[in-house]
Every structure is written in structure tokens, then in C-alpha cells.
Amino acid sequence: DTDAERQYYQQLISSGEKGNHVQTARNRLAISYYNQGRFDVASGLVADILEDNFQDNDALKLRGMIALQQNDAEAAVMDFRAVLKFQPYSPQVLTLLASAHLANDSPELARDALERSVENNPDHVPSRIALARLLLDQGSVRRAGDLAQEALALKPGHLGAMDVLVKKRMAE
2 DTDAERQYYQ QLISSGEKGN HVQTARNRLA ISYYNQGRFD VASGLVADIL
52 EDNFQDNDAL KLRGMIALQQ NDAEAAVMDF RAVLKFQPYS PQVLTLLASA
102 HLANDSPELA RDALERSVEN NPDHVPSRIA LARLLLDQGS VRRAGDLAQE
152 ALALKPGHLG AMDVLVKKRM AE
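Residue numbers (my numbering): 2 to 173.
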């Protein structure tokens, strides 16, 4: 986001108006600060959002992402699971949950989340690649290669898929 966008969001938030557009502005401003690596500012905005609506999925997802950045995998898992109650097949949230499980040294739970993402979002290439990389790490070389080939069929030339195939060949 540009400075002008952040300024616009801040003005809208400060205006005292209520409604979904203000909540959206608060979330976008928090994401902007997250993307800048200003996790403390983003966390404060997320806390304010959740104080008004403890089930705001965007804020919960962002809080989980911040928790991951701050090496609090357990908190991240809880936040991503809360979002999945309302968005059970979100490929982005399932992939984030898998990352949190890996950070929490739970590779089987990570694999389950990625399998669920691929199963319910067959065209989502990032989920396929994340699962393929995890399977490579776990020694399931053939299945990892199959997932990478499927990803290439969906998105020819995808660098992540080609990387998995190179690593698969090296592992064989």
C-alpha cells in the first residue's frame, strides 16, 4: 500500500463513522503495517478490530500471521482454526495452518491441512506445491513428483513445481 492509501484508511478510521467500510479500512491498514514488518502497529490495530468483533476472520488470520512471525506457533494454530470454522476450505488459511503446525513441530497435522486444501481446492497451485515440498521432506518422493506435475499442468512453467521436480530427481 502507498502512503496515500494508508492515510486514507487512517482518515476513515478517525472519522468516527461506523460500518463495514471502516472495519475493512482497519483491516487493510493493519495488513499494510504487517507487510512493512511493523508487527507491533499491526497487532494494535488487530486487537482493536477484534475488540469490536471477535469473529472478524481477516483480523484473526492476520493475528495468526503475526503470531507466526513472532514464533508463537500455538497462538497461530488457534487463530487459523478459528477462521476455518467459517471458511473451512480456504486454501490460504489451510496453508497458513500447515505452516503453523510445521513451526510447532507437527508435520503430520501440517500434511493433513495441506491434503485438505488440495482435495477441496484442486486448482490451487500453492497448496499443491506446499504439500509436494512437505512430502519430499518426508520421503514421499513419487507423490511429491505427481503433485508437482499436476501443478505444472495447471500452471505451466511454475518455478515452485519445477523446483520440486529437480529435488525429486536428486532424491531418486
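For every residue, glycine included, the Cβ atom is placed at its ideal position computed from N, Cα and C.
Opening and closing residue of the alpha helix (DSSP H) in which residue i lies
i    : result
Y35  : 21-36
Y90  : Looking at the DSSP string, Y90 is not in any alpha helix (DSSP H), and its letter there is neither H nor E.
N58  : 58-70
K169 : 160-172
R7   : 4-15
F40  : 40-53
Inter-residue CB distance, residue i and residue j (contact presumed, cutoff 8 Å)
i    : j    : result
L110 : L132 : Going by Cβ atoms, the distance from L110 to L132 rounds to 13 Å, so no, they are not a contact pair.
P157 : N122 : Contact doesn't hold; Cβ gap of about 19 Å is too wide.
A152 : R129 : 4 Å
V142 : K169 : 5 Å
Neighbourhood of residue i by C-beta, 8 Å cutoff - its chain only, sequence neighbours within 5 removed
i    : result
A104 : L69, N72, A74, A77
D49  : R27
Three-way DSSP call (helix, strand, coil) for residue i in this model
i    : result
S118 : helix
Y123 : A quick correction: the sequence has Pro, not Tyr, at residue 123. If DSSP states are grouped into helix, strand and coil, P123 belongs with coil.
S100 : helix
P157 : coil
G140 : coil
F113 : One point to set straight first is that residue 113 is Asp, not Phe, in the sequence displayed. Looking at D113 - three-state DSSP - the assignment turns out to be helix.
S128 : helix
E1   : Absent from the structure is residue 1, since the part of the chain shown begins at 2 and ends at 173.
E18  : coil
D73  : coil
D175 : Residue 175 falls outside the range modelled here, since the chain spans only 2 to 173, and no answer is possible.
Cβ neighbours of residue i in the same chain (closer than 7 Å, five flanking residues each side left out)
i    : result
A43  : A31, Y34, Y35, L63, I67
L166 : G146, A149
N58  : V84, F87, Q88
heavy atom of the ligand FMN below 7 Å from residue i C-beta
i   : result
K62 : This structure simply doesn't include the ligand FMN, nor any ligand for that matter.
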